[in-house]
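Numbering (the working numbering), first residue to last: 43 to 366. Heads up: the structure comes next, in structure tokens.
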Amino acid sequence: MTSSTPQTPVHVINYDAGGYDYRDFWQGRDYEQWAEVHVIRRILRRTTPVQWAVDLGGGFGRNVPLELERAQHVVLMDYSWTNLQNAEHNLLADGQNTGRVFLVRGNIYHLPFRDASFELGSTIRVLHHLAATNDAIAEMSRVIGQHWLLDVPIKHHLLARMKAAVRGKGSALRTRDANELGNKDEPFWNYHLGAIRDEVRAQGWSDSLVASVANFRRWERAVPRPLRGPVRPLVYGAERLAQPMGRGWWGPAQFLWLTKRQQQAFADSESVLGTPPAAVAALAPRLWCPSCHGNLTWTDASATCTACAKPFTRQGMIWDFVVE
Numbered sequence: 043m044t045s046s047t048p049q050t051p052v053h054v055i056n057y058d059a060g061g062y063d064y065r066d067f068w069q070g071r072d073y074e075q076w077a078e079v080h081v082i083r084r085i086l087r088r089t090t091p092v093q094w095a096v097d098l099g100g101g102f103g104r105n106v107p108l109e110l111e112r113a114q115h116v117v118l119m120d121y122s123w124t125n126l127q128n129a130e131h132n133l134l135a136d137g138q139n140t141g142r143v144f145l146v147r148g149n150i151y152h153l154p155f156r157d158a159s160f161e162l163g164s165t166i167r168v169l170h171h172l173a174a175t176n177d178a179i180a181e182m183s184r185v186i187g188q189h190w191l192l193d194v195p196i197k198h199h200l201l202a203r204m205k206a207a208v209r210g211k212g213s214a215l216r217t218r219d220a221n222e223l224g225n226k227d228e229p230f231w232n233y234h235l236g237a238i239r240d241e242v243r244a245q246g247w248s249d250s251l252v253a254s255v256a257n258f259r260r261w262e263r264a265v266p267r268p269l270r271g272p273v274r275p276l277v278y279g280a281e282r283l284a285q286p287m288g289r290g291w292w293g294p295a296q297f298l299w300l301t302k303r304q305q306q307a308f309a310d311s312e313s314v315l316g317t318p319p320a321a322v323a324a325l326a327p328r329l330w331c332p333s334c335h336g337n338l339t340w341t342d343a344s345a346t347c348t349a350c351a352k353p354f355t356r357q358g359m360i361w362d363f364v365v366e
């Protein structure tokens, strides 16, 4: 399979600008974190253990511990230096997880991984950042050979429908076009679930809608602070019930479990030239130039494309394979 990335460069938002730290977003969001952990662990426990998994756009690695429960090796790929540096500190400190967790800075439209490099993939809280969603889905699909957990932020969830009904704008939620929000500097998108399902099917996946997530996302705002402690177990219990009941319509995040119709195994080849560092040696056969898909020549500090001579370097345990 060849890369299906866009010929015209797609702008990728640099969330590192201005000192933004994604960990701050998760302060006070214990419920949302719990809701995601609950469904991710539940779905992954259904799978047989795998050798290689990839967390595409995985931020600072908050879901990597869950993925390590099912995968011998996990690659965390993100565009943000800040996220990856935080992941390095949390996941690779004092040699823990060395040889099992790999940190790669990359552009989701131009991934540095060979076809079917991973048996298992996950993409959580990523689609709403993507300006060229179908191109990104095609490129992510290329590197995952068997199963993929995909989080879809939908525009037609229950709360949005209620607000639209009050404002008389319900028709906009029924179209299959993405709904652009945010601002011109940091736009984000919500989607029609059917449109995303059609796209992944076109990329060769069978899909199952497995959970509606964060169904009570703003519950703390509606409950006075003194009552939140006693109410919390009730909300968590209701979330457990709503995750299967609300599939397709209730929560703002709908999780798809995808299975490739023609499953692919990674074709290991004699493509590693030079000597990669020991910490990345296991991953090196699965990497190529994200620009031209050439083989790489490795040293301790860099990997250079044999075809286009583009160099890629590392900073600590983070390998930078970003191309624009």
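A virtual CB, placed ideally from N, CA and C, is assigned to each residue, including glycine. These figures come from a predicted structure and were not determined experimentally.
Using the three-state DSSP reduction, which class does Phe67 fall into: helix, strand or coil? Phe67: helix per DSSP, three-state reduction.
Which residues in the same chain have their Cβ closer than 6 Å to the Cβ of Glu241, if we skip the five residues on either side of it in sequence? Short of 6 Å from the beta carbon of Glu241, and not among the five residues preceding or following it, lie these beta carbons of its own chain, in chain order: Asn176 and Ile179.
Please report the distance separating the alpha-carbon of Ala343 from that of Ala307. Using only the alpha carbons, I get a separation of about 29 Å.
How would you call Arg328, buried or exposed, if buried means at least 16 neighbouring beta carbons within 10 angstroms? Residue environment for Arg328: buried (at least 16 other C-beta atoms within 10 angstroms of its C-beta).
In the DSSP output, which residue or residues are listed as bridge partners for Gln357? DSSP, once it has assigned bridges, lists Ile360 as partnering Gln357.
Could you tell me the distance, in whole angstroms, from the CA atom of Trp247 to the CA atom of Thr301? Distance between the alpha carbons of Trp247 and Thr301: 5 Å.
On the DSSP letters alone, give me the boundaries of the alpha helix (DSSP H) that Thr175 sits inside. Per DSSP, Thr175 is one residue of the alpha helix (DSSP H) stretching across Thr175 to Val185.
Once DSSP output is grouped into helix, strand and coil, what is the label at Asp97? Asp97 falls in the strand class under three-state DSSP.
For Ser213, does the count of other Cβ atoms within 10 angstroms reach 16, so buried, or fall short, so exposed? In this structure Ser213 is exposed. Its beta-carbon is surrounded by fewer than 16 other beta-carbon atoms within 10 angstroms.
With H, G and I counted as helix, E and B as strand and the rest as coil, what does DSSP make of Gln304? It is coil, neither helix nor strand.
At which residue ranges does the segment 250 to 304 contain complete alpha helix (DSSP H) runs of 4 or more residues, listed in the order of the chain? Segments of the alpha helix (DSSP H) lying fully in the segment 250 to 304: 261 to 264 and 267 to 287.
Under three-state DSSP, which class holds Met43? Below a pLDDT of 50, predicted positions are generally treated as unreliable, and Met43, at 43, falls in that range; no measurement from the model is reported.
What's the gap between the Cα of Ala349 and the Cα of Val117? So the two alpha carbons sit approximately 25 Å from each other.
Assuming Val52 and Ala173 form a contact by the criterion Cβ under 8 Å, report the distance between their Cβ atoms to the nearest whole angstrom. Contact between Val52 and Ala173 is confirmed by a C-beta separation of about 5 Å, below the 8 Å threshold.
Below 7 Å CB to CB, which residues in the same chain sit around Ala256 once its five sequence neighbours on both sides are set aside? Cβ-Cβ distances below 7 Å link Ala256 to Glu74, Ala77, Gly293, Pro294 and Ala295 in the same chain, with the five nearest sequence neighbours on each side left out; the list follows chain order.
Since I believe Leu153 is in contact with Val185 (beta carbons under 8 Å), could you give me their beta-carbon distance rounded to a whole number of angstroms? Between Leu153 and Val185 the Cβ distance is about 6 Å, and since that is below 8 Å, they are a contact.
Glu109 versus Tyr121, Asn125, Asn128 and Arg88, residue with shortest Cα-Cα distance: Of the candidates Tyr121, Asn125, Asn128 and Arg88, the residue whose Cα lies closest to the Cα of Glu109 is Arg88.
Could you tell me whether the segment 313 to 332 touches the segment 216 to 232, where touching means 3 or more Cβ pairs closer than 8 Å? With a cut-off of 8 Å, the segment 216 to 232 and the segment 313 to 332 do not count as touching, because too few Cβ pairs lie within range.
First and last residue of the uninterrupted beta strand (DSSP E) at Gly224: For Gly224, the uninterrupted beta strand (DSSP E) segment begins and ends at Asn221 to Gly224.
Express the C-alpha separation of His171 and Tyr62 in angstroms, rounding to a whole number. Approximately 15 Å, taken between the alpha carbons.
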